[in-house]
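The next block holds one structure in the form of structure tokens; read it before the comments.
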Amino acid sequence: MAQMEIAKGNEELYLLSGMSNRHGLVAGATGTGKTVTLQVMAESLSNIGVPVFAADVKGDLSGISQPGKRSPKFDERVKKLGLGDWTFAGAPVVFWDVFGKEGHPVRATVSEMGPLLMSRIRLGRFAEPSDLLGAAVFLASAASDFVTGQTLFVDGGFTS
Ligand SMILES: Nc1ncnc2c1ncn2[C@@H]1O[C@H](COP(=O)(O)OP(=O)(O)O)[C@@H](O)[C@H]1O
Ligand SMILES: [Mg+2]
2 MAQMEIAKGN
12 EELYLLSGMS
22 NRHGLVAGAT
32 GTGKTVTLQV
42 MAESLSNIGV
52 PVFAADVKGD
62 LSGISQPGKR
72 SPKFDERVKK
82 LGLGDWTFAG
92 APVVFWDVFG
102 KEGHPVRATV
112 SEMGPLLMSR
122 IRLGRFAEPS
132 DLLGAAVFLA
142 SAASDFVTGQ
152 TLFVDGGFTS
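If you count by my numbering, then the sequence shown holds residues 2 to 161, one letter each, in order.
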């Protein structure tokens, strides 16, 4: 389990990679470091080979793709924390694009996914809305009056 350093003050704080599937909340007033904290977490996971999907509503997380820049304030901080020789690097980032033009397409098309999905459907065809009729009629009829809990798979064998 990798230890990912995410903060350093008087003490060093680490996130254990194997615990990354837990829920978490990064909160604070504007300018207290929420965005930078998320960037550090994403970068640390990326560095150990774990891809991160980040829904970046304001677009500020995306700065992680660019190397940082030196500033007197930054140098002062690096010195204070004893981080030694600091080199800047951008993390590898792929932008998802709902239009599929400038970045990675968000949606997979039916023509791309079709053969893959079809190969998993035992009955060899995609469902039609009318395929739900049998289950709907059964559940609406007296024949199911004593059915109190049951999952009816109307999927042509996809999940079986
Ligand atoms: N761990 C940190 N160490 C030093 N400076 C930081 C740190 N986190 C944030 N900052 C500084 O504070 C600024 C605001 O942080 P940011 O993450 O954008 O805040 P928030 O998203 O909470 O509004 C950053 O641009 C950076 O200059
Ligand atoms: Mg922010």
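Each residue gets a CB set at the ideal place from its N, CA and C atoms; glycine is no exception.
Annotation for S145: F139 place their beta carbon closer than 7 angstroms to its own, counting only its chain and skipping 5 residues before and after. Its chain contains Q40, A43, E44, G91, A92 and V94 as the residues whose beta carbon lies nearer than 8 angstroms to that of I65, once the 5 sequence neighbours on both sides are disregarded; these appear in chain order. In the DSSP annotation of this structure, the continuous segment of the beta strand (DSSP E) that includes E6 starts and ends at Q4 to K9. In the DSSP secondary-structure assignment, W87 is not bridged to any residue. Collapsing the DSSP output to three states places D61 in coil. Only residues of its own chain outside the window of five on either side were considered, and among them G91 have a CB closer than 6 angstroms to the CB of Q67, listed in chain order.
Where E77 is concerned, there is no enclosing beta strand (DSSP E), although the alpha helix (DSSP H) around it starts and stops at P73 to K81. With a 10 Å radius around the Cβ and a threshold of 16 neighbouring Cβ atoms, M2 comes out exposed. Taking the Cβ atoms as the reference, I7 lies roughly 5 angstroms from L16, within the contact range of under 8 angstroms. In the three-state scheme derived from DSSP, where H, G and I count as helix and E and B as strand, D132 is classed as helix. In this structure T38 is not in contact with V53, their Cβ atoms being roughly 13 angstroms apart against a cut-off of 8 angstroms. Distance from the CA atom of K74 to the CA atom of G34, rounded to whole angstroms, is 15 angstroms. The distance from the Cβ of S63 to that of L46 is about 16 angstroms, inconsistent with a contact at the 8 angstroms cut-off. Taking every protein chain shown into account, the CB of M5 has 16 or more other CB atoms within 10 angstroms, so this residue is buried. Take G29, set aside five residues on each side of it, and the residues of its chain with a beta-carbon closer than 8 angstroms to its own are K35, in chain order. A heavy atom of ligand 1 is found nearer than 7 angstroms to the CB of K35.
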